[in-house]
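Below is one structure, written out as structure tokens; the observations come after it.
Residue numbers (the UniProt record's numbering): 1 to 278.
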């Protein structure tokens, strides 16, 4: 497969290493998002290792709520990844242009990303960069996790990592304290995303605050959300919702998710309460 197999359509965004363009496969007529990764930029940013690792990881991932890769190829100047097209944009765009979401809307999107994280964690993969920019919506409003540039797969015989990775405002306390961490870090990041979608800003910003200070809520919080809706923001990974061998089952049974059909969510047959404008 190469560029000649596709109709090159309009540019739809810009990534860290180049543009993103909508394309259509000439034979199948299917649409994709084509991610350009400029080789010179990649080398200049010393990111070759991460880009290659991301490609290999995406080759082994296929899930309904992941932005999946369908083709990967290269020319003299660029590496290319043809990914699921997500015309609904990312949650950062949503926050900046629409503002905060209702609790029902946030609950639905958090549940879909929770399913995605459970899928990854079963394969010993931690995403390590769950944030609004990396959660994309399809045309119906279903949330998908993207950008596996700094994701890591844990060795079954060495289940902890110590390297500091991720976006500072969304890093879990155990990453910043450098005491070793596991897939539990993704549940913390998802909680920060939920907080931001509900209240418009992250509850903890600086490293010192994340590690040592209690989480604070806006004065109007009890009028906006239900009790215990952010139990994933527990500093200890041993008590954090979603963590542990039965963590995802406990999360699904949490009162905040009452009424959700997890099977329909995974199949993308549940109707999202927020639907992007066409």
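For every residue, glycine included, the Cβ atom is placed at its ideal position computed from N, Cα and C.
Closest residue to residue i among the options (Cα-Cα distance)
i: residue 50; options: 172, 134, 259 and 152; result: 152
i: residue 247; options: 185, 2 and 269; result: 185
i: residue 170; options: 191, 146 and 38; result: 191
i: residue 85; options: 187, 9, 177 and 260; result: 9
i: residue 102; options: 31, 16 and 197; result: 197
i: residue 242; options: 117, 78, 129 and 36; result: 117
i: residue 137; options: 262, 122, 33 and 155; result: 33
i: residue 41; options: 24, 59 and 18; result: 18
i: residue 80; options: 183, 123, 2 and 157; result: 2
i: residue 75; options: 61, 37, 60 and 175; result: 37
Beta-bridge partners of residue i, as assigned by DSSP
i: residue 25; result: 6
i: residue 114; result: BP columns for residue 114 are empty, so no partner.
i: residue 156; result: Residue 156 is not bridged to any residue.
i: residue 135; result: 145
i: residue 78; result: 38
i: residue 61; result: In DSSP, residue 61 forms no bridge with anything.
i: residue 73; result: 80
i: residue 19; result: 14
Counted within 10 angstroms of its Cβ, other Cβ atoms place residue i as buried (16 or more) or exposed
i: residue 7; result: exposed
i: residue 11; result: exposed
i: residue 56; result: exposed
i: residue 73; result: exposed
i: residue 237; result: buried
i: residue 251; result: buried
i: residue 26; result: exposed
i: residue 181; result: buried
i: residue 206; result: Model confidence at residue 206 stands at a pLDDT of 44, short of 50, so the residue's coordinates are unreliable; what they give is reported in the following sentence. Counting Cβ neighbours within 10 Å, residue 206 comes out exposed, since fewer than 16 surround it.
i: residue 284; result: Absent from the structure is residue 284, since the part of the chain shown begins at 1 and ends at 278.
Cβ separation of residue i and residue j, assumed to be a contact under 8 Å, to the nearest whole Å
i: residue 14; j: residue 20; result: 7 Å
i: residue 105; j: residue 273; result: 5 Å
i: residue 53; j: residue 70; result: In fact, because the Cβ distance is near 19 Å, the residues do not count as touching under 8 Å.
i: residue 130; j: residue 189; result: 4 Å
i: residue 4; j: residue 39; result: Not quite, the Cβ-Cβ distance comes to about 19 Å (not below 8 Å), so this is no contact.
i: residue 121; j: residue 148; result: Not really, about 14 Å apart at Cβ, beyond 8 Å.
i: residue 240; j: residue 187; result: 6 Å
i: residue 199; j: residue 107; result: That belief does not hold up - the Cβ atoms of residue 199 and residue 107 are roughly 14 Å apart, past 8 Å.
CB contact check: residue i to chain B, cutoff 9 Å
i: residue 119; result: In the structure shown, chain B does not exist; there is a single protein chain.
Are the segment 82-100 and the segment 43-51 in contact at 8 Å, needing three or more beta carbon pairs? no
Is it true that the segment 53-71 meets the segment 159-171, where meeting means three or more beta-carbon pairs spaced less than 8 Å apart? no
Using 8 Å as the cut-off, can you tell me whether the segment 103-114 makes contact with the segment 136-143, which would need three or more C-beta pairs spanning the two stretches below that distance? yes
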